[in-house]
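A.B. asks: First the structure, then my questions, so here it is.
Numbering (our numbering), first residue to last: 1381 to 1479.
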């Protein structure tokens, strides 16, 4: 799977931050679907000629922020319910009882 990422080693943002932001946008836009596997870190590292550690750290951030989950040796997968959806549900104003 080619994600068509545009990583710039000379950019102000680190490669790790660029990777995180671009993959997160692919998830939020629906290009990467809930339950779908993200490419293995080794493949992304080779494809974009970046450190595997850079990919792992970006994936760790996606996991920490609730966009992806790790299934051990099976890989990293897009979460079915995204943080923005959780915020929308929990952010619905509740009716207050009259004073």
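Where is the CB? At the ideal position from N, CA and C, for every residue including glycine. Note that the structure is predicted; figures quoted are calculated from it, not measured.
Name the two residues that bound the continuous alpha helix (DSSP H) containing residue 1436.
C.D. replies: Here residue 1436 corresponds to residue number 56 of the chain shown, with the count starting at 1. Per DSSP, residue 1436 belongs to the alpha helix (DSSP H) from 1432 to 1444.
A.B. asks: Find the nearest neighbour of residue 1452 within the set 1417, 1398 and 1392, judged by alpha-carbon distance.
C.D. replies: Here residue 1452 corresponds to residue number 72 of the chain shown, with the count starting at 1. For residue 1452, the nearest C-alpha among the options comes from 1417.
A.B. asks: Does the Cβ of residue 1393 have 16 or more other Cβ atoms within 10 Å, making it buried, or fewer, making it exposed?
C.D. replies: As a working note, residue 1393 is residue 13 in the chain shown. Exposed, since its Cβ has fewer than 16 Cβ neighbours within 10 Å.
A.B. asks: Going straight from the alpha carbon of residue 1390 to that of residue 1407, what length do you get?
C.D. replies: Your numbering for residue 1390 matches position 10 in the chain shown. Your numbering for residue 1407 matches position 27 in the chain shown. The alpha-carbon atoms of residue 1390 and residue 1407 are separated by roughly 25 Å.
A.B. asks: Is it buried or exposed for residue 1422, if we count other Cβ within 10 angstroms and need 16 for buried?
C.D. replies: Here residue 1422 is taken as the residue at index 42 of the chain shown, counted from 1. So residue 1422 counts as exposed.
A.B. asks: Quick check on residue 1421: does DSSP put it in helix, strand or coil?
C.D. replies: Residue 1421 sits at position 41 when you count from the first residue of the chain shown. Residue 1421: helix per DSSP, three-state reduction.
A.B. asks: Assuming the contact rule is C-beta atoms closer than 8 Å, residue 1395 and residue 1430 should be a hit. Round their C-beta distance to whole Å, please.
C.D. replies: Position 15 of the chain shown, counted from the first residue, corresponds to residue 1395. Position 50 of the chain shown, counted from the first residue, corresponds to residue 1430. Yes, they are in contact, since the Cβ atoms of residue 1395 and residue 1430 sit about 5 Å apart, within 8 Å.
A.B. asks: For residue 1468 and residue 1419, what's the separation of their Cα atoms in angstroms?
C.D. replies: Here the question's residue 1468 lines up with position 88 in the chain shown. Here the question's residue 1419 lines up with position 39 in the chain shown. With a pLDDT of only 48 at residue 1468, under the threshold of 50, the placement of this residue in the model should not be trusted; the figure read from the coordinates follows. In a straight line, the C-alpha of residue 1468 is about 29 Å away from that of residue 1419.
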